[in-house]
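Those letters in the sequence shown? Residues -19 to -1, 1 to 138, per mature numbering (1 follows the signal peptide of the UniProt record, and there is no 0), in order. For each residue, glycine too, the CB sits at the ideal point set by N, CA and C. Below you'll find the structure, written out as structure tokens, and then a few comments.
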Amino acid sequence: MKKIIVICFLLLSSKNLVAQEIKNLSFILVVDDEIISTKSKLTFIISTDTSTENLPAQYYPGTLSLSKLDYEKLISPATKTIYLKYHDTVYVDGKATYYDFEIEYQKAWLQDLYNILRIYDLNSKKNKKKFDPLSSTKNYTFELTSSNTTFLRIRKK
């Protein structure tokens, strides 16, 4: 009986260890030309033919961390679309700035050595003069640089 209890305990413990494995991606998030230098929560929203799922991730400058299981879901052939959602409140000089961005992400970008995601909030006059919004409902745009990709927006004159 003791052997059965020990075996069950070991099986449950090993399952927890696997579930806690972390995948770290080299990632820098820049909003309005400022590196986000605080620990932040991001969410990947993935869609398959049959469902939509939110996958939590932690960001701190230089690293995006998520569970290995969630990373495998992101790059799975079953995953049809990926969105990266960033929602945060930043205080600068006593003023609160609210960020709520949702960026369509590509699987290939997740497999690159690094990603630098630059988001431009078009509520800012300087950015509004440079870029067009992603859509009529999204008053922001983005650029991405990685080891294999450079995705830049056309700038206004």
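Does residue i pass the burial test, meaning 16 or more other C-beta atoms within 10 Å, or should it be called exposed?
i, result
"Leu94", "exposed"
"Asn104", "exposed"
"Gly129", "The sequence given here places Asn at residue 129; Gly does not occur at that position. Asn129 is exposed by the Cβ-count criterion."
"Asn96", "buried"
"Arg99", "buried"
"Leu50", "exposed"
"Tyr101", "buried"
"Ile63", "buried"
"Ala77", "exposed"
Mind checking whether residue i and residue j have CB atoms under 9 Å apart?
i, j, result
"Trp90", "Ser127", "yes"
"Val12", "Val73", "no"
"Ile16", "Ile9", "yes"
"Thr24", "His68", "yes"
"Phe123", "Phe82", "yes"
"Tyr52", "Ser21", "no"
"Thr60", "Lys106", "no"
"Lys4", "Ser57", "no"
Hey, quick one: how far does the beta strand (DSSP E) through residue i stretch, first residue to last?
i, result
"Leu98", "Tyr95 to Asp102"
"Lys22", "Ser21 to Ser28"
"Lys66", "Thr62 to Val73"
"Asn35", "Thr33 to Tyr41"
Rounding to the nearest angstrom, what Cα-Cα distance links residue i and residue j in this structure?
i, j, result
"Glu85", "Lys66", "9 Å"
"Asn120", "Asn35", "23 Å"
"Leu55", "Tyr80", "24 Å"
"Phe112", "Lys138", "9 Å"
"Thr33", "Gln39", "20 Å"
"Arg134", "Pro114", "10 Å"
"Asp30", "Pro37", "21 Å"
"Lys110", "Leu125", "20 Å"
What are the boundary residues of the alpha helix (DSSP H) that includes residue i?
i, result
"Ala89", "Lys88 to Leu91"
"Asp51", "Lys49 to Ile56"
"Asn120", "No alpha helix (DSSP H) contains Asn120, which DSSP labels as neither H nor E."
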